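Each remark here refers to the structure printed beneath this line.
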Amino acid sequence: MKTIERKRYLDTLSVLKDKNLIKVATGVRRCGKSTLMTQFQDLLRKENAKVSILAINMDMPEFRFLAEKNWKEVYDYIIKHLKKNVINYVFIDEVQNVPEFEKILEGLYVHPNIDLYVTGSNAFLLSSELATLLTGRAYEINVLPFSFAEYLEFTGKTTNPDRAFAEYVRIGGFPEAVRLSA
């Protein structure tokens, strides 16, 4: 599947790497949050082939069983799969699918040797209770659909910018819609 490197977001994640903050990628559904996190995991692997990455996507069938459990069972699953004496990069995609997910975030935040990254929709992750819990503990990265420049990079339609812009306005910047129209 074709993707483009969303450099501004990857640069932000790189700067925040190993900082004692929960990195929270928010945005509307299908704007590219999951792909961004996968690209960042690839970047971590390029830096260190032996890096410890635990990636859980609550939308994937192999992890859906976790989303149906209570927060403590999910937390215990994560702790059980951590490697000792190294930094563990933990990615939880669509974290809002877990009941009381904020308790997981709170527990993992204080756990040593975890660098935590989560994604989710704005409505769930920015609720007042969670916002209060995360104040000073999290950095939000608001992921947007493709800009026009990203649309051009993805489609390669650079010879006729006016026509490409008309298509961009008609199709929009959601990566999957752009992919299907190409």
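Going by the numbering used here, the sequence shown opens with residue 1281, and the numbers climb by one from there.
Glycine included, every Cβ here is placed at the ideal spot set by N, Cα and C.
Computed from a predicted model, the values in this text were never measured in an experiment.
Candidates D1291, D1339, I1394, C1311, of which the one nearest V1458 by Cα: Within the sequence shown, numbered from 1, the residue matching residue 1458 stands at position 178. The shortest C-alpha separation from V1458 is found at C1311.
Member of T1283, F1428, L1424 whose CA lies at the smallest distance from the CA of V1308: Within the sequence shown, the letter at position 28 stands for residue 1308. The option with the nearest alpha carbon to V1308 is L1424.
For Y1419, the residue or residues it bridges with in DSSP: Within the sequence shown, numbered from 1, the residue matching residue 1419 stands at position 139. Its beta-bridge partners are K1303.
Test: T1318 CB closer than 8 Å to a CB of chain C: Any reference to chain C falls outside this structure, which holds one protein chain only.
Contact between the region 1437–1445 and the region 1312–1332 (3+ Cβ pairs under 8 Å): no
Terminal residues of the beta strand (DSSP E) in which S1332 lies: In the sequence shown, counting from the first residue as 1, residue 1332 sits at position 52. Where S1332 is concerned, the enclosing beta strand (DSSP E) stretches over 1332–1337.
R1286 classed as buried or exposed, judged by whether at least 16 other C-beta atoms fall within 10 angstroms: The count along the sequence shown starts at 1 and reaches residue 1286 at position 6. Label assigned to R1286: buried.
I1372 - containing beta strand (DSSP E), residue span: In the sequence shown, residue 1372 corresponds to position 92, counting from 1. Run containing I1372: 1368–1373, per the beta strand (DSSP E) assignment.
Local Cβ density within 10 Å of A1347, reported as buried at 16 or more and exposed below that: Locating residue 1347 in the sequence shown gives position 67, counting from the first residue. By the 10 Å Cβ count, A1347 comes out buried.
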